[in-house]
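Q: Residue numbers (the UniProt record's numbering), protein chains in the order written: chain Z, 1 to 404; chain P, 1 to 404; chain F, 1 to 404.
First the structure, which I've put down as structure tokens, then a few questions once you've had a look.
Written out as structure tokens, the structure is:
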């Protein structure tokens, strides 16, 4: 038993198998095949390793964004002076990554719960049929069923009265001075797989720099303070248009970092995209224009609950963080090498095809390459005999003696 | 030197190595091994390339979602008529991808800061011990330490008084008409790697269509207007139940696009999932039921700050965008080919095993396959001599002459 | 034609090609190469399959988070008792995954629209030049151009008056009792590729457990109730510091699940990270300290719109869900095997190099390994003749007879 195991181990460890190769000394074949092999090698090293960085593993970041608007807008509507500061025009107020900056509005002051006619003339029912049908879009309030009005009859509703009249949108937008607002973005990213933590306030950005810088794609691409007018322009919009009806802009903070270099080279790149209110008016604008929502400020007056309703048109900002970090890792490297060796095998197959099927001396090479074994029985067709004789004529071993 | 380099280059470029193969002419082995090879090839082409699309690279989208609710609810509580419109029942109001629609509430009007007893009888301390223990859940206000009340003593707190009594939740839900609200979703996705931009308002959806369509999974699967009752039903919930205690529903917008085809075939698929308030009442409901939060409207009355507190029960909607786009790319294609060649090698190993260890003539094939070299010294064991004699008997070369 | 196809099929199916191998019986080479091959095998099985789980495919989750704060804070400022409950200190109120807990504030009561001087002395223009320059950060209101004040002149603005004086931040923070607030997190994850749905209220967590448990990393790591003071401490912050100026904390819920095991072993791990207000004061703190935003409560007094402005300092919580689920899949398994076979090929190449270039008998092995074919013409250089004679001397076939 022991000697059996010993022999098995010795057989295993003291032998080495290497594929036997045929060395073809043919200039044309040699050059062509070497060029194919060099091409494959160049592809593997050049494209897979260097360009596509196949030797690195990737990771995406855990990210957090905080925003802060600054700026004041001044309106004089019907002789009434009003100033709108951050508290009044940013929704929501706590500095999320997604927020709206009000640029235009329709205000309905002092609404209180009661009965009043719906908006004329957008919903006039013939024969004053004022019953709410469940499939229709709901009306502005709860239909009482009554029909009111002198000249044109409209349905009466229980609602916050008087109902809002949003047919005429102020043009130009009331808060055009929103162009000069500034947006400050603080963004922190962490790549957990590599334990790397970065912030968009990169090295070199301190309190002094922040106090005076404004983002510019060429001169100050790392300044985290953005002027709203610039943001709108960089997204491809026209400020007057987007301010009147509202729109949406995506600010993409792109972190593409090669962590084989120093961490300080991991810096964000800001890009700006118009999201819905497309300058290309063909598909999007037909379906849904602008960006708006309603908002109310409640208060008590004479022991009655009242509210001031605002239909807010504004620019919606979505700050989206895209991140990919790469770092050298042994597994993708060896996987790429492994696949590369496989593709090298394809190069060998291609050259073999040329050698065995295309060259003038292909029969010769066939016999060089293949060592043919005999068939199962002796009484085979003459074809098999020829398979025996041919290599014999060329000079192969005496396979005939091999037949047991 | 030149001739040395010339010879080296000529040696490199003018030679070509190809593995020498043994051609086994055995019907059984041939058929079996060819079938194995065809099977591997079918797997590589059929599964890896066609089914799993191994020839394509993938990318996920940068996405932005905007929502808008429409609808009005009417309540008549204690003879008081009230109408709740979008401004009153959607939190937050600016159209985020995550929002709550109020379906039920407990209202406590006219709270003002002062001292009053806590809620009876949920926290009655024996011997009227009213000291706030740091490990207990905080009380409804700041404990004064006093013990108040006539029949049953309760602790006194500094709080917004009177404290809220939330023991009895209105059943049925007060805003059951929320079933008829409609939700409009605008979703824009961009696949940066391929420069493709899509919106859920696909080709064919224009203003007219939007004015009248309602989402239906079979008849109008691309309509971006959803009726709330339908959403609840498609998530597997019962509206009356979820309206009373609240719940959460996830709307998943799935973009799975093959960008080798025309872009217009890249369309979203909507699915609806109940998130927490599981119809399966076993695990989830025991721990935490429904969805609620508190919200206050502040106002001044008689120069005193007051507030109306609402405990809001509602349906939380989370709109989640899942996206994967695929497009033909040379790298994954060649990687799949490379790995495929490697797996082909495994097929060869399996067949070799059959050939060398299972067939009756395996010794013969062993000798056909392996060309044995001699050992290190002449004085080897008799076993090594047999290794020499055997191939000689079969007809191999005269390795004996090879010994130097 | 038929016989041609029959012969082609028979040629294809009844033959099997296997590479001819040279069996080297050399102890040193054998041991070294076997060790290299065993090493590669150990790497493939140990690292790629077992450690990196190369036999599994991965999927990320669709996730939804709901939060709820509990707790009350008591302040006594200028003799005025006040209690702050959840409604007052959480922004926003509806339980999002991202929210702010107020820990400190500067309050400006009863602001009304009018004209008043800007804040003294932060913006004093020499020669009372009060024109708003478009490149400067906007002022606190709309500049009238007038210069007001007795001792020191300041610019007059149209604004909510009196303007906010935020120069002195309350120290210690006014709502230090926020330390005892508790945060309840409900998180639902779904892995769509595997159809698995999980919640952080895992098996074993029921209503009773939730009523009394508090999260602790070692004793109760699955309790979804977190005490705010603990959260701050686990993030590496000091509560007093972060409460005064505000800060941001990321709560990462990590789902790393091996779905080859039972689903109940798929449990979340909570980690806590300070996001911006870094304890390391060097880079971050210089640029931007703390976390704050402004918020207003509007009301009507004497038919005039007024507001109470709060500059809120607080802790921003971002709950981030990271998820990766793995499950056995045939494709990555076979891809790993395929690449592994390729890498095995590299091991063979390395051993061949040793065999052909480093060993003393390398010329012998060269001739064992390579079967050389003749050159294109007979009149070759003497070198080619030597290529012919050498194998002949060693004992190779009579290639000379092969020349046609």
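Yeah, the Cβ is synthetic: ideal placement off N, Cα and C, and Gly gets one too.
These numbers were taken from a predicted model, which means no experiment stands behind them.
Please decide whether residue 11 of chain P counts as near chain F, where near means a Cβ-Cβ distance under 8 Å.
A: Output row for residue 11 of chain P: interface = no.
Q: Decide if residue 211 of chain Z is buried, meaning its Cβ has at least 16 other Cβ atoms within 10 Å, or exposed.
A: Residue 211 of chain Z comes out exposed.
Q: Got a sec: is the Cβ-Cβ distance from residue 255 of chain P to anything in chain F below 8 Å?
A: So, not an interface residue.
Q: Compare the Cα-Cα distances from residue 225 of chain F to each of F:323, F:180 and F:196 and report the closest residue.
A: If we check each option's Cα against that of residue 225 of chain F, F:180 comes out closest.
Q: By Cβ distance below 8 Å, which residues in the same chain neighbour residue 377 of chain P in space, the five residues on each side in sequence not counted?
A: Because residue 377 of chain P carries a pLDDT of 38, less than 50, the predicted location of this residue cannot be relied on, and no value is offered for it.
Q: On the CB-based measure, 16 or more other CB atoms within 10 Å of its CB, does residue 239 of chain F come out buried or exposed?
A: The residue in question, residue 239 of chain F, is buried, as its Cβ has 16 or more Cβ neighbours within 10 Å.
Q: Would DSSP call residue 258 of chain F helix, strand or coil?
A: In this structure, residue 258 of chain F counts as strand in the three-state DSSP scheme.
Q: Out of curiosity, what's the CA-to-CA distance linking residue 79 of chain Z and residue 304 of chain F?
A: Rounded to whole angstroms, residue 79 of chain Z to residue 304 of chain F spans 16 Å at the Cα level.
Q: Report yes or no: is there a C-beta of chain F within less than 8 Å of the C-beta of residue 165 of chain P?
A: Judged by the 8 Å Cβ criterion, residue 165 of chain P is not in contact with chain F.
Q: Identify the contact partners of residue 31 of chain F in chain Z, using a Cβ-Cβ distance below 8 Å as the criterion.
A: Under the 8 Å cutoff, chain Z gives 13 and 14.
Q: Starting from residue 21 of chain Z, follow its DSSP beta bridges and name the residues at the other end.
A: Beta-bridge pairing links residue 21 of chain Z to P:19 and F:370.
Q: Name the residue from F:164, F:326, F:104 and F:187 whose alpha carbon lies nearest to the alpha carbon of residue 88 of chain F.
A: Taking only the C-alpha atoms, the option nearest residue 88 of chain F is F:104.
Q: Residue 163 of chain Z: buried (16+ other C-beta within 10 angstroms of its C-beta) or exposed?
A: It counts as buried.
Q: Which residues in chain P sit within 7 Å of residue 297 of chain F, going by Cβ to Cβ distance?
A: Those are 298, listed as they occur along chain P.
Q: Who are the neighbours of residue 159 of chain Z on chain P, taking C-beta pairs under 7 Å?
A: Going along chain P in sequence order, the residues near residue 159 of chain Z (Cβ under 7 Å) are 83.
Q: Kindly list the residues whose CB is nearer than 6 Å to the CB of residue 44 of chain Z, restricted to its own chain and excluding five residues on each side of it in sequence; keep chain order.
A: Excluding sequence neighbours, residue 44 of chain Z sits near 340.
Q: Counting only beta-carbon atoms, is residue 94 of chain F nearer than 8 Å to chain P?
A: It does: the Cβ of residue 94 of chain F has a partner Cβ on chain P nearer than 8 Å.
Q: With a threshold of 6 Å on Cβ separation, who are the neighbours of residue 296 of chain P within its own chain once the five nearest residues in sequence on each side are excluded?
A: Correct list, in chain order: 307 and 309.
Q: What is the rounded straight-line gap between the Cα of residue 361 of chain Z and the Cα of residue 22 of chain Z?
A: Rounded to the nearest angstrom, the two C-alpha atoms are 15 Å apart.
Q: If you compare alpha carbons, which of Z:175, Z:101, Z:39 and Z:244 is closest to residue 346 of chain Z?
A: It is Z:39 whose Cα lies nearest to the Cα of residue 346 of chain Z.
Q: Which partner residues of residue 321 of chain Z appear in the DSSP bridge assignment?
A: For residue 321 of chain Z, which the question treats as bridged, DSSP gives the partners Z:253.
Q: Cβ of residue 13 of chain Z within 7 Å of any heavy atom in the ligand NAP?
A: In terms of ligand content, the structure shown is empty, and the ligand NAP therefore cannot be addressed.
Q: Taking residue 329 of chain P as the reference, which of Z:52, Z:365 and Z:326 has the closest Cα?
A: If we check each option's Cα against that of residue 329 of chain P, Z:52 comes out closest.
Q: Which of the three DSSP states is assigned to residue 167 of chain P in this structure?
A: Coil, per DSSP.
Q: Is residue 271 of chain P helix, strand or coil by DSSP?
A: Note: residue 271 of chain P maps to strand in three-state DSSP.
Q: Terminal residues of the continuous alpha helix (DSSP H) containing residue 56 of chain P?
A: First-last for residue 56 of chain P: 56–59, but that is the beta strand (DSSP E), not the alpha helix (DSSP H).
Q: Cβ of residue 229 of chain F less than 8 Å from any chain P Cβ?
A: It does not; no Cβ of chain P falls within 8 Å.
Q: Which residues in chain F sit within 9 Å of residue 52 of chain P, going by Cβ to Cβ distance?
A: What residue 52 of chain P touches in chain F: 331.
Q: Tell me whether residue 135 of chain Z sits in a helix, a strand or coil according to DSSP, three-state version.
A: Only weak support exists for where residue 135 of chain Z lies, its pLDDT of 35 falling under 50; the coordinates are left without a value.
Q: Is it buried or exposed for residue 64 of chain Z, if we count other Cβ within 10 angstroms and need 16 for buried?
A: Answer is buried; the Cβ neighbour count reaches 16.
Q: Check whether chain F comes within 8 Å of residue 86 of chain Z, counting only Cβ atoms and requiring the distance to be less than that.
A: Yes - at least one Cβ of chain F is within 8 Å of the one on residue 86 of chain Z.
Q: What's the C-alpha gap between residue 61 of chain Z and residue 274 of chain Z?
A: Distance between the alpha carbons of residue 61 of chain Z and residue 274 of chain Z: 24 Å.
Q: Taking residue 183 of chain P as part of the alpha helix (DSSP H), name the residues at either end of that continuous run.
A: Element bounds for residue 183 of chain P: not the alpha helix (DSSP H) but the beta strand (DSSP E), 182–191.
Q: With a threshold of 16 other CB atoms inside 10 Å of the CB of residue 24 of chain Z, please say whether the residue is buried or exposed.
A: Per the 10 Å Cβ criterion, buried.
Q: Look at the alpha carbon of residue 15 of chain F and the alpha carbon of residue 353 of chain F, and state the distance between them as a whole number of angstroms.
A: Cα to Cα, residue 15 of chain F sits roughly 32 Å from residue 353 of chain F.
Q: Does the separation of the CB atoms of residue 319 of chain F and residue 269 of chain F fall below 8 Å?
A: No, they are not a contact pair.
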